[in-house]
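Here the structure is laid out as structure tokens; the discussion comes afterwards.
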Amino acid sequence: MGRYIVRRVLIAIPMLLIISFLTFLFINLAPLDPAEVVLKAQGVPTITDELMAQTKEELGMDRPFIVQYFNWLIASLQLDFGSSYVTGKPVWSLLGPAFLNTFKLTIVSSFFIIILSILLGVICALQEGKMMDKSIRGVSFFLTAIPSYWLASMMIWFVSVKLDLLPTNGMTSYQSYILPVTVIVISYAGIYFRNVRTSMISNLNEDYVLYGRACGLPEKTITMHILRNSLQVAMSIFGMAVPIILGSTVVIENVFAWPGLGSLTVRAILSRDFPIIQAYVLILAVAFIAFNTLSDIITAAMNPKIRNDL
Amino acid sequence: MMFVSFIVLIGTVLTACTGGEESDADIEVSTQTQEEIVYATAQDINDMNPHLYTGSMPAQGMIYESLVENTEEGIEPLLAESWEISDDGTVYTFHLREDVTFHDGEPFNAEAVKKNIDAVQANAETHAWIKLSTQIEDCRVVDEYTVELALSEAYYPTLVELSMTRPYVFISPNDFIDEGTKDGVTGFHGTGPYMLTDHKVDEYATFTANDAYWGGEPAIETITSKVLPAGETTFLALQKGEVNFVFTDDRGVDTLDVEAIDQLVASGAYQLIRSDAMNTKMIVANSSQDESPVSERAVREAIWHAIDRETIAEDILDGSETVADTLFSSNIMYADVDLDRRSFDLEKATAILDEAGWLLEDGSNVRMKDGNALTMTLYYDSHSSSQKTQAEFIQATLIEAGVQLEIVGEESTSIANRRSTGEYELLFNQTWGLAYDPQSTIAAFTSEASYLHTTSGIAEADTLYQKIEDVMVTTDEDMRQNLYADILEIVHDEAVFIPISNGSLTVVAPTELEGVSFKQTQFELPFEHMSFE
């Protein structure tokens, strides 16, 4: 198992390097002079040649591309992503709190998504083909298809404005979590519970279930066995749920004015605040790779056969 | 959780389905009687250093003050009680108010003025856009409350540029880093009616009334700037009363659409207040593009005649802007000049093109001359939905006159880049706005970073540039008036700036809020004059 973990982690390193290089490259391919972008982002009304030259020198943009990349990479490894073009503040001081806010939202949402997915998945699998199964799948299909932007606006209108129960936006108290989390759960639980359901159903048809029943094991015990086996498959999918939600809260954060990564990045993109965009892409890539690695390791721990595949 | 989600959702869907029957006036707006203003803004107030350009201008306008103020009646005293200008126009002597302190208790005096002006000048490259920064030679302390500003030559817009929201405003010298402000400041203490008392990045900023304000404590105790990136949320927050004030932001973008504003006003809880015309939205034609038909005056004039401004203002802009016939509206200083109006007239447009030799051949819908087709490209800001619609509309009318327009949407930075490199035929732009106009926009006619390519291809370009140089330094009021009239006439005749509409500042405020007025800039509001009934 130890060897598996080491090998799995080693594979992640070159992937990260490739992603970091591509991130840096793509942003440098933008058809604008970075120094000009900096000055425009800082709102300087008129840009002169002298100012451009001065800015390039200050930011080290006059050096060759590859030197700039390695400088950036080495600094990034120490969590120094440079300074925001717009505010001049260190990127980490802006990304840190925003990341934390998004992470809180992601963790709470992921928790409910996992609980709800397992619950619905199990109910549907046990009731396969019956009315209950069909209605849950029908409703979830309908809900997943609703654009989260619209859903969020309608919820704010109904719950916050009409019923006056919750705040319309912001991140002031635990109440602020209810609406955004509900929207995220509605958007994602529908996708994940189907995986649990399918996995449960395929297990239900396995020989060991038949054998268990033949031996007269209580139905509850059999269901728990099926669930345990099904969750092995679902594990890797749930593992990816965290980074996926982390990276897709943009819409939700915008609607609910949630001061997280999504809002920060949208603004960074609009004002071409490249250091923030680069750091964001890198953090998400790390999150994807880390959670992917983690779920592989957990799956391997649960199923020794997989360890030999690597 | 599951059940809460479903119940809420089903409730929402059901109410949404029946909601269609509700009339606009039925929308309940639950603004409680509030004594504070909470305004929605799409962006954080950012770094409030008044000597740099990243901070929110409306917020900076509350905290910092300038020596003089630009009003409808002209330049009025602010932190300077009075001033004298030397006969040759190069030395300005300011007598400061003696009852002013910064928010941190530091006295506002000649020494503080000097330190601030020196700090601005130490970063001259950044301020090159404001011509005064290139003219200031020295700032001298005469006595505790008298300060002298020495210029290299007479520069008539000096007082106007000193009145702007930035950079010539004053921050407590205690906030300086290394005797300056170009590398940041340690606090944001101005002399203005409000103090920044709380700021949570990307969430909100609170401004509290300055009870020691020399102009008297403002009536509204707190003003909060709340970051709400989505217009829909702003609308809902206004309905709930969590936010009770919105206005056109720094970039001229209205967060609420016209329909939302109408609904709020119809509820009776809000009022809509619009300022006079503040700027001109226009199409800029590149006269120096030798290869292109746009270099011909007749073509530019024909385009001008072929644009139906009435329809644009009424239908595309929903009546939120008014029709513009000239580069500057007549309420701009020195711009009340009698110029020929070029009305929407497709027949006239075709006649002008026929006369210029651009002829329609049988079976073609695009005019030709010497084997060249009358085809041009118009660039618009891809983030502006109204510019795109206008571009499409103009494209559709121009083809009726035999002019083929290609329209291309680009990022605003890329459009600004085209403007400075001259790689365009036609592009959307707007004037700098009241207070900055006409001098800043006109000064930009000669600047490579702005409109040099627009103006350099016209026949009288040299005369135009000479007149611009003269107008900035003349001390004779009549002469200045005449020079501006000549300048405006030249660019009008040459049709290089094709006006479309005049934009204004929009405020949506609680009905019981009084004293909402506007300044001479589109970037700030005098919150200190506001009070609740």
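Sequence lines, in order, name chains C and V.
As numbered in the working numbering, residues 1 to 310 make up the first sequence, in order.
As numbered in the working numbering, residues 311 to 843 make up the second sequence, in order.
Even glycine gets a Cβ: it sits at the ideal position worked out from N, Cα and C.
task: Give the DSSP-derived three-state secondary structure of Arg7/C in the structure shown.
output: helix
- request: Evaluate Phe837/V with the Cβ neighbour count: other Cβ atoms within 10 Å of its Cβ, from every protein chain shown; 16 or more gives buried, anything less gives exposed.
  value: buried
Bridge partner(s) assigned by DSSP for Asp414/V: Paired residues: none, contrary to the question.
- prompt: Under 7 Å between C-beta atoms, does Asp512/V make it to chain C?
  reply: yes
message: According to DSSP, Gln714/V sits in a beta bridge with which residue or residues?
response: Thr685/V
- prompt: Are Ile487/V and Gly494/V touching if we call contact CB-CB under 7 Å?
  reply: Yes. Within cutoff.
message: In this structure, how does DSSP classify Arg561/V when only helix, strand and coil are distinguished?
response: For Arg561/V, the predicted model reports a pLDDT of 48, less than 50, meaning its position is unreliable and no value from the coordinates is stated.
- prompt: When you compare only the Cα positions, how much space is there between Arg561/V and Arg194/C?
  reply: Note on Arg561/V: pLDDT 48, under 50, position unreliable in the model; no value is reported.
message: For Thr660/V and Thr403/V, I'd like the C-alpha separation in whole angstroms.
response: 57 Å
Beta-carbon contacts of Gly490/V that lie in its chain and below 6 Å, excluding the five residues immediately before and after: Ala429, Ala432
- prompt: Which bits of chain V does Lys40/C rub up against, with CB to CB less than 8 Å?
  reply: Thr723, Ala726
task: Report the neighbours of Ala257/C on chain V: residues whose CB is nearer than 7 Å to its CB, in chain order.
output: Val537, Leu538, Pro539, Thr543
- request: Might you give, ordered along the chain, the residues of its own chain that have their beta carbon closer than 8 Å to the beta carbon of Ile114/C, omitting 5 neighbours on each side?
  value: Tyr192, Phe238, Ala241
- request: Using a Cβ-Cβ cut-off of less than 8 Å, list which residues of the segment 163-174 of chain C approach chain V; keep chain order.
  value: Cβ contacts with chain V: Asp164, Pro167, Thr168, Asn169, Gly170, Met171.
message: Suppose the cutoff is 6 Å on Cβ atoms and the five residues either side in sequence are ignored; what does the same chain contact list for Thr293/C look like?
response: Arg8, Ala12
query: Which chain V residues are close to Arg197/C, counting only those with a beta carbon under 9 Å from its beta carbon?
result: Residues of chain V passing the Cβ test: none, with the nearest at roughly 15 Å.
Chain V contact residues for Thr144/C, given Cβ-Cβ distances below 7 Å: Residues of chain V passing the Cβ test: none, with the nearest at roughly 12 Å.
- prompt: DSSP puts Trp72/C in a beta bridge; with which residues?
  reply: According to DSSP, which records beta bridges pairwise, Trp72/C is partnered with nothing at all.
query: Which whole-angstrom value describes the C-beta separation of Lys550/V and Tyr514/V, a residue pair presumed to lie in contact below a C-beta threshold of 8 Å?
result: Their Cβ separation, rounded to whole angstroms, is 16 Å, which puts Lys550/V and Tyr514/V out of contact at 8 Å.
- prompt: When you check each C-beta in the segment 419-452 of chain V against every C-beta of chain C, which residues fall closer than 9 Å?
  reply: Glu435, Thr436, His437, Ala438, Trp439, Ile440
- prompt: Excluding the five sequence neighbours on either side, which residues of its own chain have a C-beta within less than 6 Å of the C-beta of Ala608/V, listed in chain order?
  reply: Same-chain partners within the cutoff: Ile662, Ala666.
- prompt: Can you give the Cα-Cα distance for Val470/V and Phe288/C, rounded to whole angstroms?
  reply: 55 Å
query: Can you find a CB in chain A that lies within less than 7 Å of the CB of Gln549/V?
result: In the displayed structure, chain A is absent; the protein chains listed are C and V.
- prompt: Looking at Leu737/V and Ile752/V, is the spacing between their C-beta atoms short of 7 Å?
  reply: no
query: If you measure from the beta carbon of Glu569/V to each beta carbon in chain C, is any gap under 7 Å?
result: For Glu569/V, the answer is no, since every Cβ of chain C falls outside 7 Å of its Cβ.
task: Would you list the one or two residues that DSSP bridges to Arg407/V?
output: Answer is none; Arg407/V lacks a bridge partner.
message: Does any residue of chain C have a CB that is nearer than 7 Å to the CB of Asp334/V?
response: For Asp334/V, the pLDDT reaches just 42, beneath the cut-off of 50, and the residue's location in the model is therefore unreliable, although a value from the coordinates is still provided. Asp334/V does not count as touching chain C.
task: Within 10 angstroms of the Cβ of Lys425/V, are there 16 or more other Cβ atoms? Answer buried if so, exposed if not.
output: buried
Min CB distance Asn356/V to chain C below 7 Å: A Cβ of chain C is located within less than 7 Å of the beta carbon of Asn356/V.
field: Ile385/V versus Glu379/V - alpha carbon distance
entry: 6 Å
message: Only counting the same chain, and skipping five residues up and downstream in sequence, which positions put a Cβ closer than 7 Å to that of Asp334/V?
response: Because the pLDDT of Asp334/V is 42, which lies under 50, any placement of that residue in the model is unreliable, and the number read from its coordinates should be weighed accordingly. Result list for Asp334/V: Asp572, Gln573, Ala576, in chain order.
query: Would you call Glu36/C buried or exposed, if buried means 16 or more other Cβ atoms sit within 10 Å of its Cβ?
result: buried
query: Name the DSSP beta bridge partners of Val818/V, please?
result: Val556/V, Leu582/V
message: Between which residues of its own chain and Val568/V is the CB-CB distance below 7 Å, once the five residues before and five after are set aside?
response: Asp628, Ser630
Option in Tyr177/C, Tyr211/C, Thr249/C, Ala279/C with minimal Cα separation from Ser76/C: Ala279/C
- prompt: For Lys130/C, which three-state DSSP category applies?
  reply: coil
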